[in-house]
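*Asks:*
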Amino acid sequence: MVGASDSQIDGWANAQNVSIVPVAVREVLRLIGMQSSLWLSGSLFGVKSLGPGSKRAALATLRAFGDSMADSSGMLVLVDHQSYLFYAIDGADLNELDPPVWAISEGGFAEQGWPSVTDWLDAIAPDVARTRERLAFQREQGWWIDPAWSPHIELD
Numbered sequence: 005m006v007g008a009s010d011s012q013i014d015g016w017a018n019a020q021n022v023s024i025v026p027v028a029v030r031e032v033l034r035l036i037g038m039q040s041s042l043w044l045s046g047s048l049f050g051v052k053s054l055g056p057g058s059k060r061a062a063l064a065t066l067r068a069f070g071d072s073m074a075d076s077s078g079m080l081v082l083v084d085h086q087s088y089l090f091y092a093i094d095g096a097d098l099n100e101l102d103p104p105v106w107a108i109s110e111g112g113f114a115e116q117g118w119p120s121v122t123d124w125l126d127a128i129a130p131d132v133a134r135t136r137e138r139l140a141f142q143r144e145q146g147w148w149i150d151p152a153w154s155p156h157i158e159l160d
């Protein structure tokens, strides 16, 4: 895991036309904002991979079935999972220290999924024990290439 600097975080937000980054979001990005390792594997997340294209896709998804956010044009997109599922903060909530996180899905819903960034982070935390078992199994089966996340897992 590699964290992002405040200037990188500010640049990431500015690319989404957002000037305020909630304290809780900034703290998450300071920890895993450059390289998130097991966190959100398979999704676009962080200051290097998530940009204005993800926000445009999230806005298009929202508007396709009725925009229920108070300020979607001001939202801050946190995650883009293969351009069909997004996690974002409503622009109207950006002044909160630990704002709610919304789930926006191409499947036809946009709802406040978690009451805070802290709760969202807890919910998406990787299951390290299960991941360790998976890596051990892969090695037992003779996989010749370890997954990119394997250096972050210690096997006994």
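For the sequence shown, position 18 (counting from the first letter as 1) is numbered 22 according to my numbering, and the numbering increases by one without interruption. Here a beta-carbon is modelled for each residue, glycine too, at the ideal position from N, C-alpha and C.
Please classify G112: does DSSP put it in a helix, a strand, or coil?
*Replies:* Locating residue 112 in the sequence shown gives position 108, counting from the first residue. Reduced to three states, the DSSP call for G112 is coil.
*Asks:* In angstroms, rounded to a whole number, what distance separates the CA positions of I157 and T135?
*Replies:* Along the sequence shown, one-based indexing puts residue 157 at 153. Along the sequence shown, one-based indexing puts residue 135 at 131. So the alpha carbons of these two residues sit roughly 8 Å apart.
*Asks:* Should D126 be labelled buried (16 or more other beta-carbon atoms within 10 Å of its own) or exposed?
*Replies:* As a first step, residue 126 is located in the sequence shown; it is residue number 122 there, counting from the start. Exposed.
*Asks:* For A74, does the three-state DSSP call read helix, strand or coil?
*Replies:* As a first step, residue 74 is located in the sequence shown; it is residue number 70 there, counting from the start. Correct three-state label for A74: coil.
*Asks:* Considering Cα atoms alone, identify which of R34, H85, L66 and L42 is closest to S54.
*Replies:* Reading the sequence shown from its first residue, position 50 is the one you call residue 54. According to the sequence provided, residue 54 is Leu. The question's Ser does not apply to it. Nearest option by C-alpha distance: H85.
*Asks:* Rounded to a whole number of angstroms, what is the C-alpha to C-alpha distance between T65 and V22?
*Replies:* On the sequence shown, residue 65 is found 61 positions in, with the first residue counted as 1. On the sequence shown, residue 22 is found 18 positions in, with the first residue counted as 1. Distance between the alpha carbons of T65 and V22: 19 Å.
*Asks:* Please report the straight-line C-alpha distance between K52 and R143, rounded to a whole angstrom.
*Replies:* Start at 1 with the first residue of the sequence shown, and residue 52 comes out as number 48. Start at 1 with the first residue of the sequence shown, and residue 143 comes out as number 139. The straight-line gap from Cα to Cα measures roughly 31 Å.
*Asks:* Per the contact definition of three or more C-beta pairs closer than 8 Å, is the region 111-130 in contact with the region 66-74?
*Replies:* Yes, they touch.
*Asks:* Cα-Cα, which of P103, A133 and A152 is closest to R30?
*Replies:* Against the sequence shown, residue 30 aligns to sequence position 26. It is P103 whose Cα lies nearest to the Cα of R30.
*Asks:* Look at G46 and Q12 and say whether their C-beta atoms are less than 9 Å apart.
*Replies:* Taking the sequence shown and counting its residues from 1, one reaches residue 46 at position 42. Taking the sequence shown and counting its residues from 1, one reaches residue 12 at position 8. No. Outside cutoff.
*Asks:* Return the Cβ separation of W106 and Y91 in integer angstroms, given the expectation that the two are a contact with Cβ distance under 8 Å.
*Replies:* As a position in the sequence shown, residue 106 is number 102, starting the count at 1. As a position in the sequence shown, residue 91 is number 87, starting the count at 1. Their Cβ separation, rounded to whole angstroms, is 7 Å, which keeps W106 and Y91 in contact under 8 Å.
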